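Each remark here refers to the structure printed beneath this line.
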Amino acid sequence: MAKQNSYLTLVSDNSAAKHESSELLKRRARFVVAALGQLESKQQNSVSELVHTIHPSAALLGVQLGTQLNDLRPIIVIARELGPTLVRQVGGDGAGSATVHVREILERISASEDLKRLVQLVDWGFIGDSLFYRRNVVDSTLAATLETREELSFSDSLTVARRIIEAATALHEAGIIHGHITTNNIALSRHNEVFLLDPGVGVGLFRSALEHNAESGRPDVDVMSFAPEIRQSGTVVRSSDVYAIGVVLKELFESLHGAEQNIRSIHKRPQSFVTLSDLVEAMTDENPARRPSLEEVNTFLGQASGADQEQSTVSTESKLKAFTGASLGKGKMVRITRAAGSHVDEERQQRIENARRAARGIQFDLTAVVEQAPESKSTAPKHNSAEPAREDNPQSAETEAAHEVHKTLKSEHPAVAAAESLQPPVGMLPPNYFAQHPGAIPPHAYQMHQPVAPQFYYGQLQGPANPYAAGASTYFPNQLPAAPEMPQQTQSPAAQAPRSSSGSAFWASLMTLIVLCCGVYYKQSQADTGYSSDEQELAWFSKRPSLMIPVAERALSSYEPDAFAEMLVVSSIMKGEANVAGVNQELLKVAFDSRWEQSLTPEDRRVALALALTGLLREKTPTDLQPIQSTHPGVVLAIASTGGSRVSTFLSRVPAQMLTTLPKPLGTAFAVLTDGHDDMNCGDEAIRSLAHFVSRGWSSTDELYTFLGTDTQTRLKALTEVFKLDAAKSAELLALLLEHPNKSLDTELVSWARTWKLAEWSELSDYSKLQLLSGVIPAQSVKVEDVAKLFAHPSPNIRAAAMKQAVDSIAFGHPAAADILNYLASKPELLTPRQTVILAQLLEAPKKVEVSDVRQWLDSNPPVDLVAFLLVGSAYADNSSSLDFELARYMKSKNWQPDAAALKVLVRHPEKLVRMYAYIQTFNLKDKETATMILSSARRSEQDPEFRRQIEAMIADITR
1 MAKQNSYLTL
11 VSDNSAAKHE
21 SSELLKRRAR
31 FVVAALGQLE
41 SKQQNSVSEL
51 VHTIHPSAAL
61 LGVQLGTQLN
71 DLRPIIVIAR
81 ELGPTLVRQV
91 GGDGAGSATV
101 HVREILERIS
111 ASEDLKRLVQ
121 LVDWGFIGDS
131 LFYRRNVVDS
141 TLAATLETRE
151 ELSFSDSLTV
161 ARRIIEAATA
171 LHEAGIIHGH
181 ITTNNIALSR
191 HNEVFLLDPG
201 VGVGLFRSAL
211 EHNAESGRPD
221 VDVMSFAPEI
231 RQSGTVVRSS
241 DVYAIGVVLK
251 ELFESLHGAE
261 QNIRSIHKRP
271 QSFVTLSDLV
281 EAMTDENPAR
291 RPSLEEVNTF
301 LGQASGADQE
311 QSTVSTESKL
321 KAFTGASLGK
331 GKMVRITRAA
341 GSHVDEERQQ
351 RIENARRAAR
361 GIQFDLTAVV
371 EQAPESKSTA
381 PKHNSAEPAR
391 EDNPQSAETE
401 AAHEVHKTLK
411 SEHPAVAAAE
421 SLQPPVGMLP
431 PNYFAQHPGA
441 IPPHAYQMHQ
451 PVAPQFYYGQ
461 LQGPANPYAA
471 GASTYFPNQL
481 PAAPEMPQQT
491 QSPAAQAPRS
501 SSGSAFWASL
511 MTLIVLCCGV
521 YYKQSQADTG
531 YSSDEQELAW
541 FSKRPSLMIP
551 VAERALSSYE
561 PDAFAEMLVV
571 SSIMKGEANV
581 AGVNQELLKV
591 AFDSRWEQSL
601 TPEDRRVALA
611 LALTGLLREK
621 TPTDLQPIQS
631 THPGVVLAIA
641 STGGSRVSTF
651 LSRVPAQMLT
661 TLPKPLGTAF
671 AVLTDGHDDM
681 NCGDEAIRSL
691 AHFVSRGWSS
701 TDELYTFLGT
711 DTQTRLKALT
721 EVFKLDAAKS
731 AELLALLLEH
741 PNKSLDTELV
751 SWARTWKLAE
761 WSELSDYSKL
771 QLLSGVIPAQ
781 SVKVEDVAKL
791 FAHPSPNIRA
801 AAMKQAVDSI
811 AFGHPAAADI
821 LNYLASKPEL
831 LTPRQTVILA
841 QLLEAPKKVE
851 VSDVRQWLDS
861 NPPVDLVAFL
871 LVGSAYADNS
881 SSLDFELARY
891 MKSKNWQPDA
901 AALKVLVRHP
911 EKLVRMYAYI
921 QTFNLKDKET
931 ATMILSSARR
941 SEQDPEFRRQ
951 IEAMIADITR
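The sequence shown begins at 1 in this note's numbering and counts up one residue at a time.
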């Protein structure tokens, strides 16, 4: 017998359960959970292997059966975890694209604990080529709640609906599109908390099914549970989630008895107001571009939720003020009614359009006919004693007030509507982001653009343009009022009589021209009507997106940009006064830096402003921006420093050399970083990291260490150049590198600086210390006692400089020390830092050096030429040393064959072994005459009798 609880059905080992219809299983809101023994042998092995791989000590409670035969979802319990978790796999034949898609989404979710909780993700990973993830087992799903007819009041339903939208919005803000929001994928806690389960999984599997079943064209999934654009081509856009939520809302509110009537009675709206069904119809529009945004839907439901608490009639002015922040003139009341005799279809369409406008927070039908109420008692509106007294001419007063409403709100209508961007959950900016859209039409007052998908949202990357938006309205059409008909000219009967003269034609043409000019002027004046300067300030500083967006649009208009609006937006952001979600203050601060702000062209300013406001404007972001390659390097720096890794592909088309043209020291820093790397682009991680550091600093020590962990010397040199004039920043950087109590950058440069306590070298400034650390010779001189420490520096340039300074400031005991150091300074790379230090010790006091030190140095295989230089140089010493003996042994082991010039010196060396080696090498010279001359000279100076006899024998043998 089956055992049930609130969220799953546990099937026993009774084999009778296997005969349940598969079609019934697909329709059940509560999935079936089977015991392991009920599965086929192959399935049992697969599940057991999966569970053991995830955690060897995990206990299996059961296996949830999906709608597909191979969709097995183990439910396991692991010690020290709070509760059971469900495991899903994405992989197998034909599921390659699904794995990639889901992996990218899981990577984004894993970066945020809030997102992990929102989708109930525990962990994820790979088993071979198959991806798996675990999520918590939830209390209930919305499908289960609706199926069991559990009590959900109208107020609770509104709350659940809004939380669904807020959850989807949180995913969208993280660049994630769920793609398959259904009542089965919406989890509810006991307190009506909402979780969106399995984001991206449905879309990934659907795409794989399309690829795997390309020949038949019929994927083995329930296609009707997806939005139309997904069903047609697998394309996912943000409004795909809007469509899905619209379907969910329909199911949610249809479960309430008389919900539609309930909404109507609670709101007590006049005829021009909309119902929930109109909003749902707009959300489930076949064309993605015509669906409202989640923000707009949430606003509408918020108003419905507020109306659920208010039963009294609200004045037009208070609604206007609550919804838009605007207000009417004192003592005026506006009543807007629909023209009588409207066609039913037109009325229905108008209601849908009103739903969209209501979602934006505008509750008035601005295209409705403003008319005086009829005199009959049956239709005349009742007078509210609390309202101001009417004026003598109600129609005139209402018309004037209505135009005032229109004047205040008109600027909220987008001049050019944009279709919602097609956004793959994880995508890259297309190559033609800033290029002019091939279908774009030059904007003017009365002709709308064809919808063009905005290609860049801050914080996320968009995909290709929306193929569903062509030819469709891309906004909620608050239409501009039509130009009024011109008054009919009244003439005397004589003037109206036919005239045969040519003058009548002239005057008729002239009057026609005047009428046309007046009409055009009237329309143009209406189109140009917008906020005054004071109204723009009030709207912008209201920090309400619905009021801020029109100001931003005016500042970004390509047709007639508003200089005051741009100044207002830029100055407020630069001062930190526009702290609103969706406004990227840091990007704009960098782009409008005082060092290059005056050199920005109008298009540069527009690009920077548009990118800074993409989070606010969203689908209204301009798409006719200039190519990024043509934009000022200061704006490119701003994008690179604030966009994160997701702009790397977008910036990969911009050569990094562009940033070298920035003012010093920034340009110099990028020149250092790109030196020898002509193929570097602005999307490279090193360029983006340096851009972030030079414009915004570093947020953590780990971030800095990661940047300096590769090519440390070059990158540190670039950073040092930036802080040339910033003593505080130089000190901070030096302290992080050399004096951090718990962390250390594991590189040769930092190890050297910590070993020799560079931070304590009082003769150098922090900037000079950074220079020295990065391999740049500082202008300040180093103390004599610190010069020797530089012989161990990892940079050959620093070692060479130290050798030159040592020759002039340190006394060396070796007679050839100066020559050797000058020679080595010209070729510092011949020796490692360690070899250089030991050599310096040998040169300073050759007679005091230990044999072990000499042998240690020789064991490192120094160049033979350098050792020969050292050996020949010591020939002028008064006495020999252990150094000379070991050098001679080393050279003999290397089979060194000195030339005649070296032999002339070595035959007089104080070390006997060196002299004997020189005699033998001289005897072996091919030039017998030179050999005889050298040996004859050596016989006269040799003091050892035995050596003289050897020399005489050699001479006799040569001359024989």
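Every residue, glycine too, gets a C-beta built ideally from N, C-alpha and C. The structure presented is a predicted model; accordingly, all values stated were derived computationally and were not measured.
Neighbour-count burial assignment, residue i, 16 or more Cβ in a 10 Å radius
i: residue 715; result: buried
i: residue 536; result: buried
i: residue 553; result: buried
i: residue 127; result: exposed
i: residue 514; result: exposed
i: residue 153; result: exposed
i: residue 224; result: exposed
i: residue 664; result: exposed
i: residue 881; result: buried
i: residue 789; result: buried
i: residue 952; result: exposed
i: residue 456; result: Because residue 456 sits at a pLDDT of 35, beneath the cut-off of 50, its placement in the model cannot be relied upon, and the following sentence gives the value as read from the coordinates. Burial call: buried.
i: residue 658; result: buried
i: residue 822; result: exposed
C-beta atoms of residue i and residue j nearer than 9 Å
i: residue 236; j: residue 302; result: no
i: residue 631; j: residue 621; result: no
i: residue 573; j: residue 612; result: yes
i: residue 590; j: residue 643; result: no
i: residue 247; j: residue 291; result: no
i: residue 737; j: residue 773; result: yes
i: residue 124; j: residue 110; result: yes
i: residue 82; j: residue 136; result: yes
i: residue 918; j: residue 945; result: no
i: residue 165; j: residue 203; result: no
i: residue 102; j: residue 62; result: no
i: residue 687; j: residue 673; result: yes
i: residue 142; j: residue 119; result: no
i: residue 867; j: residue 887; result: yes
For residue j and residue i, believed in contact at Cβ under 8 Å, the rounded distance
i: residue 955; j: residue 935; result: 5 Å
i: residue 812; j: residue 844; result: 5 Å
i: residue 130; j: residue 66; result: With 8 Å as the limit, residue 130 and residue 66 do not qualify as a contact, their Cβ atoms being about 15 Å apart.
i: residue 162; j: residue 305; result: 7 Å
i: residue 914; j: residue 858; result: No, residue 914 and residue 858 are not in contact; Cβ-Cβ is about 15 Å, not under 8 Å.
i: residue 181; j: residue 244; result: 4 Å
i: residue 958; j: residue 931; result: 6 Å
i: residue 984; j: residue 766; result: Residue 984 is absent from the structure shown; the chain starts at 1 and stops at 960.
Proximity winner among the options, relative to residue i (alpha-carbon distances)
i: residue 568; options: 642, 512 and 609; result: 609
i: residue 824; options: 811, 839, 814 and 571; result: 839
i: residue 88; options: 113, 114, 79 and 51; result: 51
i: residue 791; options: 819, 780 and 753; result: 753
i: residue 818; options: 252, 779, 788 and 873; result: 873
i: residue 770; options: 746, 789, 732 and 783; result: 732
i: residue 806; options: 795, 787 and 883; result: 787
i: residue 901; options: 933, 894, 891 and 884; result: 933
i: residue 207; options: 701, 229, 189 and 188; result: 229
i: residue 650; options: 671, 627, 666 and 659; result: 627
i: residue 170; options: 156, 195 and 250; result: 195
i: residue 726; options: 750, 793, 701 and 697; result: 697
i: residue 777; options: 783, 785, 768 and 784; result: 768
i: residue 801; options: 785, 775, 815 and 814; result: 775
Residue i beta carbon near the ligand NAP (any heavy atom closer than 8 Å)
i: residue 663; result: With respect to small molecules bound, the structure shown includes none, and the ligand NAP cannot be examined in it.
Cutoff 9 Å: residue i Cβ touching any chain D Cβ
i: residue 278; result: The chain inventory of the structure shown lacks chain D, comprising one protein chain alone.
Which ranges would you report for the beta strand (DSSP E) in the segment 76 to 162 if only whole runs of at least 3 residues count? Along the length of the segment 76 to 162, whole beta strand (DSSP E) runs at least 3 residues long occupy 85 to 90, 121 to 127 and 130 to 136, reported in chain order.
Of all the alpha helix (DSSP H) runs that stay within the bounds of the segment 598 to 623, which reach a length of 4 or more residues?
-> 602 to 612 and 614 to 617
*Which residue spans inside the segment 161 to 244 form an unbroken alpha helix (DSSP H) run of at least 4?*
201 to 212 and 228 to 233
Inset, instruction - Output the residue ranges of the alpha helix (DSSP H) runs that lie fully inside the segment 635 to 709 and measure 4 residues or longer, sorted by chain position. - result: 648 to 651, 666 to 674, 685 to 696 and 701 to 708
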